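Worksheet: one structure, shown below.
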Amino acid sequence: MGESKAKKKKGELRGENEEAEAFKARRQGKCSDEIEVAEATEFLLFRYSEIEGRGAFARKAIPSGTRVIEYVGRHITKDESSKMCEDYNEYIFCLNDDFDLDGNVEWNPARLLNHSCVPNCSAEQDEDHIYLVADQDIQPGDEVTFNYGYSLDSYRDYPCKCGSKDCVGYIVAEEYFDQVRRENGVPVPA
């Protein structure tokens, strides 16, 4: 993403250099944790996260069951999706038998939500729309996360940094947690 001297459009992300400088300044205590990296939505502020890079944080209380944000993007064919996955595009959702959703677009702030092994949201599909829905009450200031649901293919390429006490160490769907724990010598909860 190139840095431009032109005034940024509403909702556009900061350039990478600006993000790096803001992150460095925050780490040095020179500015607030409230540095936004994308336009806020009704429920979310986007800023730097202890989990990984940018993240989404509740700007007000979010009741369980609330559609927090829609995950938007380009509708792509399954062939396009396969090629993008080979190129490590990590923002793709399956929509139906014919199309997937590529959320790796600047106008999709939902792509900034981080993965957690113990998330407070989950992805739900309503026809050709994907929504991230609160699975529990979320308090103002809490980081809003969901499980990315990755398969076991190349899972070791995706270490998890969520920091939860139940972290399995890798970004995988919950259905694979026990298998990943066993393969990595981590005790499986009873």
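Residue numbers (this note's numbering): 975 to 1164. Glycine is no exception: its CB is placed at the ideal position from the N, C-alpha and C atoms. If you're wondering where the values come from, they're calculated on a predicted model, not measured in any experiment.
Can you tell which of the options has the C-alpha that lies nearest to the C-alpha of residue i?
i	options	result
E1171	Y1124, Y1150, I1050 and C1134	The first residue shown for the chain is 975 and the last is 1164, placing residue 1171 beyond what the model contains.
E1016	S1138, V1154, E1080 and V1042	V1042
V1118	E1026, A1032 and E1013	A1032
C1068	C1095, D1100, E1148 and T1040	D1100
F1073	D1102, V1079 and Y1045	D1102
I1036	N1158, C1136 and C1095	C1095
G1137	E1157, V1162, E1013 and I1025	I1025
E1044	W1081, D1071, S1023 and Y1022	W1081
K1135	P1163, I1050, A1030 and S1023	S1023
G1115	L1019, E1013 and N1078	L1019
K1034	Q1113, D1140, P1161 and G1159	Q1113
K1139	G1159, R1156 and P1163	P1163
V1079	V1046, V1160, R1156 and A1030	V1046
Assuming residue i contacts residue j under a Cβ cut-off of 8 Å, what Cβ separation, rounded to an integer in Å, is found between them?
i	j	result
N1166	P1093	In the structure as shown, the chain starts at 975 and stops at 1164, and residue 1166 therefore has no counterpart that could be examined.
Are the beta-carbon atoms belonging to residue i and residue j less than 8 Å from one another?
i	j	result
D1111	S1038	yes
R1048	L1086	no
I1066	D1053	no
L1126	Y1150	yes
Y1129	V1154	yes
T1108	T1040	First, the residue type needs correcting, since residue 1108 is Ala and not Thr in the sequence shown. In this structure, T1040 lies closer than 8 Å to A1108 by Cβ.
Which of helix, strand or coil does DSSP assign to residue i?
i	result
S1006	Residue placement at S1006 cannot be trusted, given a pLDDT of 43 that sits under 50; what the coordinates show is reported in the next sentence. S1006 falls in the coil class under three-state DSSP.
Q1099	strand
L1086	helix
Y1129	helix
E1117	strand
R1033	coil
F997	Confidence is the limiting factor: at F997 the pLDDT is only 43, short of 50, which leaves the residue's position unreliable and the question unanswerable from this model.
F1151	helix
Across the segment 1125-1145 and the segment 1087-1106, are there enough close Cβ pairs to call them in contact, namely three or more that are closer than 8 Å? yes
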